[in-house]
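Asker: The working numbering applies: residue 423 is where the sequence shown begins, and numbers increase by one.
Quick reminder that beta carbons are idealized off the backbone N, C-alpha and C, glycines included.
If you scroll down you'll find the structure; I have some questions about it.
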Amino acid sequence: MEKRTFLKTGLFLGIAAATTSFLSACKTAVSSPANAATPPLPPPKLRRTTPFTLPPLGYDSAALEPHIDKMTMEIHHGKHHNAYVTNLNDAVKDTVYAEYELEDIVARISTSDADKKIRNNAGGHWNHTFFWQTIAPGGSDAPSSNLDNAIHAAFETQDKFKEQFSNAAKGVFGSGWAWLCVGKDKKLFITSTPNQDNPLMLNVSKQLGTPILGLDVWEHAYYLKYQNKRPDYITAFYKTINWKVVSDRYEKAIG
Ligand code: MN3
Numbered sequence: 423m424e425k426r427t428f429l430k431t432g433l434f435l436g437i438a439a440a441t442t443s444f445l446s447a448c449k450t451a452v453s454s455p456a457n458a459a460t461p462p463l464p465p466p467k468l469r470r471t472t473p474f475t476l477p478p479l480g481y482d483s484a485a486l487e488p489h490i491d492k493m494t495m496e497i498h499h500g501k502h503h504n505a506y507v508t509n510l511n512d513a514v515k516d517t518v519y520a521e522y523e524l525e526d527i528v529a530r531i532s533t534s535d536a537d538k539k540i541r542n543n544a545g546g547h548w549n550h551t552f553f554w555q556t557i558a559p560g561g562s563d564a565p566s567s568n569l570d571n572a573i574h575a576a577f578e579t580q581d582k583f584k585e586q587f588s589n590a591a592k593g594v595f596g597s598g599w600a601w602l603c604v605g606k607d608k609k610l611f612i613t614s615t616p617n618q619d620n621p622l623m624l625n626v627s628k629q630l631g632t633p634i635l636g637l638d639v640w641e642h643a644y645y646l647k648y649q650n651k652r653p654d655y656i657t658a659f660y661k662t663i664n665w666k667v668v669s670d671r672y673e674k675a676i677g
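Below you can see the structure in the form of structure tokens.
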């Protein structure tokens with residue numbers, strides 16, 4: 423090895439070692455109970471090789487009439503959701519997220535300006551895919567006994583659960599979502615997120631959990647039929663919930 427190369431390499435290794443010890447010192451310094459409770463994510467397992475695509479609704483766009491009208495479903499799924507998919511494919515190009523599966527993007531996305539377009543569109547794709555399954559017709563019209571027990575444990579009664587969930591949905595200022603989630607303690611809780619954020623976004627959401635039920639309260643979800651009457655749309659939503667799907671998600675979430 424030439425002397426100059428040796429010196430350069432030595433200098434580089436020195437800087438690298440100093441940087442490593444500086445970073446570990448920082449990690450120790452910022453360590454707190456909150457950080458300790460959130461272990462670092464494992465590396466992404468799956469490497470995606472094909473673009474994101476719009477999943478089919480899986481049922482007729484008129485199937486939720488009269489609660490959610492055909493035209494709203496067609497535009498919501500075919501135009502709005504489709505735009506999130508198209509924009510997400512565009513946004514991840516040449517970024518670290520380019521080969522990540524949707525779940526890995528959602529879990530890792532940050533609040534930085536650089537991540538904003540990916541955050542909005544990955545959230546939009548994940549949230550809507552989840553939503554179409556939540557309101558799919560043909561499931562049960564009541565929660566499983568396990569989920570029913572958990573709802574009673576967390577909210578006392580079904581009616582109180584609905585009241586709290588409706589208040590969360592009404593309380594979203596502007597566009598966003600209301601969620602029923604399973605927390606780390608396996609208990610149910612209700613939260614809301616702005617825009618297309620969701621409770622799986624580790625670096626973004628104020629309250630983290632596994633969503634089992636979600637309601638889109640963007641105006642595009644209800645304006646054609648309900649105009650400014652968001653509470654009427656929320657009331658109608660309860661008549662469209664596929665509790666079989668939600669109950670299965672609950673079982674999976676509590677493991
Ligand atoms: Mn929507």
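Report the option in Ala529, Ala513 and His499 whose CA atom is closest to the CA atom of glycine 631.
Answerer: On the sequence shown, residue 631 is found 209 positions in, with the first residue counted as 1. Among Ala529, Ala513 and His499, the Cα nearest to that of glycine 631 is on Ala529.
Asker: Please classify threonine 450: is it buried, with 16 or more other beta-carbons within 10 angstroms of its beta-carbon, or exposed?
Answerer: Along the sequence shown, read from residue 1 onward, the residue named residue 450 stands at position 28. Below a pLDDT of 50, predicted positions are generally treated as unreliable, and threonine 450, at 33, falls in that range; the measurement from the model is reported next regardless. The Cβ neighbour count for threonine 450, taken over all protein chains shown within 10 Å, is under 16; the residue is labelled exposed.
Asker: Which same chain residues end up closer than 6 Å to proline 466 when comparing Cβ atoms and leaving out the 5 residues on each side of it in sequence?
Answerer: As a working mapping, residue 466 is identified with position 44 in the sequence shown. Closer than 6 Å at the Cβ level, and outside the excluded window around proline 466, lie Tyr522 and Asp526.
Asker: Return the chain-ordered list of same chain residues with a C-beta closer than 6 Å to the C-beta of alanine 591, the five sequence neighbours on each side being excluded.
Answerer: The residue you call residue 591 lines up with position 169 of the sequence shown. Ala600, Leu637, Val639 and Ile656, listed in sequence order.
Asker: Classify proline 621: buried if its beta carbon has 16 or more other beta carbons within 10 angstroms, exposed otherwise.
Answerer: Within the sequence shown, residue 621 is the residue found at index 199, counting from 1. Buried: at least 16 other Cβ atoms inside 10 Å.
Asker: So what's tyrosine 522 in DSSP terms, helix, strand or just coil?
Answerer: Sequence index remark: in the sequence shown, residue 522 carries index 100 (1-based). Here tyrosine 522 sits in strand by DSSP.
Asker: Using a threshold of 8 Å, is the CB atom of tryptophan 640 nearer than that to any non-hydrogen atom of the ligand MN3?
Answerer: The residue given as residue 640 occupies position 218 in the sequence shown. Answer for tryptophan 640: yes, Cβ within range of the ligand MN3.
Asker: Provide the residue span of the alpha helix (DSSP H) that contains valine 604, from first to last.
Answerer: Numbered from its first residue, the sequence shown carries residue 604 at position 182. Counting along the chain, valine 604 falls outside any alpha helix (DSSP H), though it belongs to the beta strand (DSSP E) covering 598–604.
Asker: Output the boundary residues of the beta strand (DSSP E) element that contains phenylalanine 611.
Answerer: Against the sequence shown, residue 611 aligns to sequence position 189. It spans 610–616 - the beta strand (DSSP E) in which phenylalanine 611 sits, taken as one unbroken run.
Asker: Where does alanine 564 land, buried or exposed, given buried means 16+ other C-beta within 10 angstroms?
Answerer: On the sequence shown, residue 564 is found 142 positions in, with the first residue counted as 1. Exposed, since its Cβ has fewer than 16 Cβ neighbours within 10 Å.
Asker: What residue does the alpha helix (DSSP H) around isoleucine 634 start on, and which one ends it?
Answerer: Taking the first residue of the sequence shown as 1, we reach residue 634 at position 212. Where isoleucine 634 is concerned, there is no enclosing alpha helix (DSSP H), although the beta strand (DSSP E) it sits in stretches over 632–638.
Asker: Nearest CA to the CA of proline 477: which residue from His550, Tyr672 and Ala513?
Answerer: In the sequence shown, residue 477 corresponds to position 55, counting from 1. Closest option to proline 477, Cα to Cα, is His550.
Asker: If we count Cβ pairs, one from each stretch, closer than 8 Å, do we get three or more for the stretch 506–524 versus the stretch 471–487?
Answerer: yes
Asker: Since arginine 652 is in the alpha helix (DSSP H), which residue starts that stretch and which ends it?
Answerer: For the purposes of this step, residue 652 is taken as residue 230 along the sequence shown, with counting starting at 1. Arginine 652 -> alpha helix (DSSP H) spans 652–659.
Asker: Helix or strand or just coil, what does DSSP make of arginine 470?
Answerer: Here the question's residue 470 lines up with position 48 in the sequence shown. Three-state result, arginine 470: coil.
Asker: For asparagine 543, tell me which candidate among Ser566, Ala484, Ala513 and Ser483 has the shortest Cα-Cα distance.
Answerer: Position 121 of the sequence shown, counting from 1, holds the residue named residue 543. Ranking the options by Cα distance to asparagine 543, first place goes to Ala513.
Asker: Between the Cα of tryptophan 548 and the Cα atoms of Gly605, Ser483 and Gln618, which residue gives the shortest distance?
Answerer: Locating residue 548 in the sequence shown gives position 126, where the first residue counts as 1. The option with the nearest alpha carbon to tryptophan 548 is Gln618.
Asker: Flag histidine 502 as yes when its Cβ comes closer than 8 Å to any non-hydrogen atom of the ligand MN3, and as no otherwise.
Answerer: Working through the sequence shown from its first residue, we reach residue 502 at position 80. Yes; taking the cut-off as 8 Å, the Cβ of histidine 502 has a heavy atom of the ligand MN3 nearer than that.
Asker: By how many angstroms is the C-alpha of cysteine 603 removed from the C-alpha of serine 750?
Answerer: This structure leaves residue 750 out entirely; the chain is present only between 423 and 677.
Asker: If threonine 494 sits next to tyrosine 660, beta carbons under 8 Å apart, how far is it from one beta carbon to the other, in whole angstroms?
Answerer: Within the sequence shown, the letter at position 72 stands for residue 494. Within the sequence shown, the letter at position 238 stands for residue 660. With a Cβ gap of about 17 Å, threonine 494 and tyrosine 660 do not count as contacting.
Asker: Identify, in the order they occur along the chain, each residue of the same chain with its Cβ nearer than 7 Å to the Cβ of isoleucine 573, setting aside the five sequence neighbours on each side.
Answerer: By one-based count along the sequence shown, residue 573 stands at place 151. Excluding sequence neighbours, isoleucine 573 sits near Pro565, Gln580, Phe583 and Leu610.
Asker: Please give the ranges of any alpha helix (DSSP H) in the stretch 469–549, keeping only runs that are unbroken, at least 4 residues long and fully inside the region.
Answerer: As far as the stretch 469–549 is concerned, its whole alpha helix (DSSP H) runs of at least 4 residues are 492–497, 504–514 and 524–530.
Asker: Measuring only from the beta carbon, is glycine 546 closer than 8 Å to any heavy atom that is part of the ligand MN3?
Answerer: Position 124 of the sequence shown, counting from 1, holds the residue named residue 546. Result yes, Cβ under 8 Å from the ligand MN3.
Asker: Under 8 Å from any heavy atom of the ligand MN3, does the C-beta of histidine 498 make it?
Answerer: Working through the sequence shown from its first residue, we reach residue 498 at position 76. Yes, the ligand MN3 has a heavy atom inside 8 Å of this Cβ.
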